[in-house]
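Enquirer: Please find one structure pasted underneath; my questions will follow.
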Ligand code: HAM
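Residue numbers (the working numbering): 2 to 422.
Given below as structure tokens:
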């Protein structure tokens, strides 16, 4: 038994084959779909100087209480990124992308770190596929990123994801709403849970997504009654475009999301298998973020998809593609020839393996039947005659092929069984 102090940290996971192959496939699929929408990959460090995150989230849990923060040996205050948006915004400003032709469409994949209480679907290290569209305040930009996120989720095998959307207003209309909300909740302060009492002081909008005081919020003022004309037109434009593009979308009056930087649009998609408090992806518009990082004000909108959650919701449906492996087997005395032939086959584009355990031909065959589609047998009479025996390991049918033709022979039969001689 491994000692407790040597185990992986709580809330993290090891992802082993074959699950790791599903992860790799999802990554390919996500970037392929993103490419169709014009999003280019971006990579940023997994840690940033702490102010990158604190500046954008004064009242955000993941920034205030749940961060992995440390001071390195040089005295620099660093934080493992809890999310990608602030990091990408920092890169956008620092690399002068605000001066590049707009819009700028960026997509990323990588680990995020939040010291949350571990529970189903909630990890301390999770993976996000995210996309950010900079330079447009138009509803078509919001609609585009929503369509991209739903397309990725659909490509992973989840049909008809239903997008819940809301607008939390802008600097013009949100203050009026906040005031009305606080007034309403103050009138019922005695009934509130401890978290909501604190929210009332610090971040009143979050009162709306309390999972405990659900009855109280039913009678709370509705954001929609406070939207200014621009905010009303904006959310109407987003919903209209997404719906006309054939995706399911509807307003959720209580959706506010947990990050401070949002303006206007916020959206989320859940899944029946995950429970109501757990989203597959979430995102929104954040027109003030670049300015809070000392950059020019550039409107932007984006989302983050929780990869572990997609994989758990698609278990048994989104499988890694089978590998058509070739096992190069050898009769005693021909191990090196088999080793070299395996390399030649790999160079011709096939996944190939040769024995590295010094096993008998019988043991090699038994193992190959489990792992490979074809077995090539090196040595014996055929080898002397310049040939290799190719065996279809599922049917047992085999034939001798000229050694030099093996690559072409396999290429021709990819996905097809060997015909009987
Ligand atoms: P978020 O809602 O905090 O948004 O995270 C995005 C997604 O990451 C969630 O919907 C969920 O699927 C997944 N996720 C979050 N925390 C965990 C966790 N502890 N364990 C497993 N999965 C998790 C953001 O991070 C924003 N940066 C999204 C965004 C991009 N907004 C605009 N652009």
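Positions of the beta carbon are idealized from the N, C-alpha and C atoms, including for glycine.
A quick note: this is a predicted structure, and the numbers were derived from the prediction, not measured.
1) Measuring CB to CB, does residue 90 end up less than 7 Å from residue 266?
2) Between the segment 194–203 and the segment 279–288, can you find at least three pairs of beta-carbon atoms closer than 8 Å?
3) Would you say residue 339 touches the ligand HAM, meaning its beta carbon is less than 6 Å from a heavy atom?
4) From the DSSP output, in three-state form, read off residue 355 for me.
5) Taking the alpha-carbon of residue 407 as reference, which of 396, 384, 397 has the nearest alpha-carbon?
6) Looking at the ligand HAM, does it come within less than 6 Å of residue 289, judged from the CB to the closest heavy atom?
7) Cα-Cα, which of 142, 127, 128 is closest to residue 134?
8) Given the structure, does residue 304 come close to the ligand HAM, in the sense that its CB is under 6 Å from one of the ligand's heavy atoms?
9) Should residue 288 go down as buried or exposed, given a rule of 16 or more other Cβ atoms within 10 Å for buried?
10) Compute the minimum distance between the beta carbon of residue 152 and the heavy atoms of the ligand HAM, and state whether it is under 6 Å.
11) So, is residue 46 buried or exposed, given that buried needs 16 or more other C-beta atoms within 10 angstroms?
12) What does a CB cutoff of less than 8 Å around residue 104 pick up in its chain, not counting 5 residues either side in sequence?
13) To the nearest angstrom, how far is it from the Cα of residue 212 to the Cα of residue 279?
14) Report whether the distance from the Cβ of residue 127 to the nearest heavy atom of the ligand HAM is below 6 Å.
15) So does residue 131 have its beta carbon nearer than 6 Å to some heavy atom of the ligand HAM?
16) Going by beta carbon distance, what residues of the same chain come within less than 8 Å of residue 179, once the five residues before and after it are set aside?
17) Answer yes or no: the CB of residue 117 versus the heavy atoms of the ligand HAM, is any distance below 6 Å?
18) Tell me the rounded alpha-carbon separation between residue 320 and residue 107.
19) For the segment 119–135 against the segment 291–309, do three or more pairs of beta-carbon atoms, one drawn from each stretch, fall closer than 8 Å, so that the two count as touching?
20) Jot down the residue ranges of each uninterrupted alpha helix (DSSP H) in the segment 324–371, minimum 4 residues, whole runs only, in chain order.
21) Just to confirm my understanding: we take residue 35, look at its own chain, exclude 5 residues before and 5 after, and list those with CB closer than 7 Å. What are they?
22) Could you tell me which whole beta strand (DSSP E) segments of length 3 or greater appear in the segment 57–143?
23) Between the segment 145–160 and the segment 18–35, do three or more beta carbon pairs fall short of 8 Å?
24) What I want to know is whether the C-beta of residue 280 ends up closer than 6 Å to one or more non-hydrogen atoms of the ligand HAM.
25) What does DSSP give as the partner residue(s) for residue 375 in the beta ladder?
26) Using the three-state DSSP reduction, which class does residue 279 fall into: helix, strand or coil?
27) Please confirm whether any heavy atom of the ligand HAM lies closer than 6 Å to the CB of residue 315.
28) Assuming contact is defined by CB atoms lying nearer than 7 Å, are residue 450 and residue 381 in contact in what I supplied?
29) Taking only the alpha-carbon atoms, compute the straight-line gap between residue 20 and residue 57 and give it to the nearest angstrom.
30) Closer than 6 Å: is that where the CB of residue 86 sits relative to any heavy atom of the ligand HAM?
Expert: The short version:
1) no
2) Touching, no.
3) no
4) The answer is strand: DSSP assigns residue 355 an E or B state.
5) 384
6) no
7) Selected option, being the one with the closest Cα: 142.
8) yes
9) Classification of residue 288: buried, given that the 10 Å Cβ count is 16 or more.
10) no
11) So residue 46 ends up on the exposed side.
12) A distance below 8 Å between beta-carbons, with the five flanking residues on each side excluded, links residue 104 to the following residues of its chain, in chain order: 134, 135, 136, 137, 142.
13) Those two C-alpha atoms are separated by around 12 Å.
14) yes
15) yes
16) Once the five neighbours on either side are set aside, the close Cβ partners of residue 179 are 205, 206.
17) yes
18) 27 Å
19) These segments touch.
20) 336–348
21) 108, 132, 149
22) Unbroken beta strand (DSSP E) stretches of 3 residues or longer found wholly inside the segment 57–143: 70–72, 78–81, 105–114, 126–135, given in chain order.
23) yes
24) Yes, since a heavy atom of the ligand HAM falls inside the 6 Å radius drawn around the Cβ of residue 280.
25) 327, 393, per the DSSP bridge assignment.
26) coil
27) no
28) Residue numbering for the chain in the displayed model covers 2 to 422; residue 450 lies beyond these limits and cannot be assessed.
29) The alpha-carbon atoms of residue 20 and residue 57 are separated by roughly 35 Å.
30) yes
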